[in-house]
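J.:
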Amino acid sequence: MGTAVKIAIIGASGRLGGTIAREALARGHEVVAIGRDRAALAALEGARPVPADLDDADSVVNAVAGSDVIVSAVTDRTTADRSRIPATAALLLELAPRAGVRRVAFVGGGGSLYIAPGLRALDAPAFPERFRAEALAQAEALRILRDAGDHVEWTYLSPPPHYLLPGEKTGHYLVRAGDDAVVNADGESAITEGDFAAVLVDELEQNRYPRRRFTAAS
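When the count follows the working numbering, it moves up by one through the sequence shown with no breaks and lands on 224 for the last residue.
1. Using the beta-carbon count (16 or more within 10 Å), is E51 buried or exposed?
2. Measure the C-alpha to C-alpha separation of D62 and D192 and round it to an integer number of angstroms.
3. Is there contact here, the region 104 to 114 with the region 171 to 178, by at least three beta-carbon pairs under 8 angstroms?
4. Can you find at least 3 beta carbon pairs, one from the region 146 to 166 and one from the region 211 to 219, that sit closer than 8 angstroms?
5. Please classify P92 as buried or exposed, where buried requires at least 16 other C-beta atoms within 10 Å of its C-beta.
6. Please go through the region 35 to 122 and give each complete alpha helix (DSSP H) segment of 4 or more residues, from N-terminal end onward.
7. CB-CB under 6 angstroms to G116, same chain, minus the five flanking residues each way: which ones, in chain order?
8. So A48 and I121 are supposed to be a Cβ contact under 8 angstroms. How far apart are they, rounded?
9. Using the rule of at least 16 other Cβ atoms within 10 Å of the residue's Cβ for burial, across every protein chain shown, is P123 buried or exposed?
10. Between A46, V80, T221, which lies nearest to A147 when the distance is taken from Cα to Cα?
11. Relative to the C-alpha of R126, which residue among S73, L151, A71, G184 is closest?
12. Can the beta-carbon of L210 be found less than 9 angstroms from the beta-carbon of V11?
13. Short check: CB of A154 to CB of L101, under 9 angstroms?
14. Counting along the chain, where does the beta strand (DSSP E) carrying V188 start and finish?
15. Which of the three DSSP states is assigned to M220 in this structure?
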């Protein structure tokens, strides 16, 4: 690792957001853990917990100000169409410049990755219906980011279409930019949450994929 990065993680009180926070802390980065669950934030030893609410724009600006990069690890279980996900993408494009933050890293979805020429995973007959709304919402978030100007340097990390699995970091994964799912030598596309967090923190350190989507699989 080179210079330490100050990382503001929105959604750090969630399982994946917390995993990302712990990976960043283990590498010596400064983490501002942002969310609504004060107890979960306080449990992230070494992070600076900052309660904030996406419905209160000023609280978010104050929480992320002074950071090098904002990470959005936001999920949505409150709306049927998961509309909070693309709304968060739009909000961060607006608020990051106000807070003086140039970079935004978005924890995205894998359903809009292509699994065959012209076929997105979410359009395949076998795609689970229970995940469709979130996949569509994540696809819309990506569109919003891609349509943005150059005032924010965003990046969007997609897990494999179906298999973001509980598990520790192995350190073995393939990473590639673009809209095609990554498949390993055995024809599988999966990754553990620990490896996914490591891939994201790699990007926060290296900034290899500005204004691009990228994905990874073990």
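We put the CB at the ideal spot given by N, CA and C, even for glycine.
T.: In terms of the structure at hand:
1. Counting from 1 along the sequence shown, the entry for residue 51 is found at position 45. Result: exposed.
2. Taking the first residue of the sequence shown as 1, we reach residue 62 at position 56. Taking the first residue of the sequence shown as 1, we reach residue 192 at position 186. Between D62 and D192, the C-alpha separation is close to 46 angstroms.
3. no
4. yes
5. Within the sequence shown, residue 92 is the residue found at index 86, counting from 1. Classification for P92: buried.
6. 44 to 48, 63 to 70, 90 to 105
7. Counted from its first residue, the sequence shown places residue 116 at position 110. Excluding sequence neighbours, G116 sits near S164, P165, P166, P167.
8. The count along the sequence shown starts at 1 and reaches residue 48 at position 42. The count along the sequence shown starts at 1 and reaches residue 121 at position 115. In fact, because the Cβ distance is near 41 angstroms, the residues do not count as touching under 8 angstroms.
9. One-based indexing of the sequence shown puts residue 123 at position 117. So P123 ends up on the exposed side.
10. Against the sequence shown, residue 147 aligns to sequence position 141. Per the Cα distances, V80.
11. Translated into positions along the sequence shown, residue 126 becomes position 120. Nearest C-alpha to R126: G184.
12. Sequence index remark: in the sequence shown, residue 210 carries index 204 (1-based). Sequence index remark: in the sequence shown, residue 11 carries index 5 (1-based). Yes, the pair counts as a contact, with Cβ atoms nearer than the cut-off.
13. The sequence position of residue 154 within the sequence shown is 148, counting from 1. The sequence position of residue 101 within the sequence shown is 95, counting from 1. It is not a contact, given that the beta carbons lie outside the stated cut-off.
14. Position 182 of the sequence shown, counting from 1, holds the residue named residue 188. Taken as a continuous stretch (DSSP letters only), V188 belongs to no beta strand (DSSP E), as it is neither H nor E.
15. As a working note, residue 220 is residue 214 in the sequence shown. The question names Met, but residue 220 in the sequence shown is Phe. DSSP places F220 in the strand class (E or B) of the three-state scheme.
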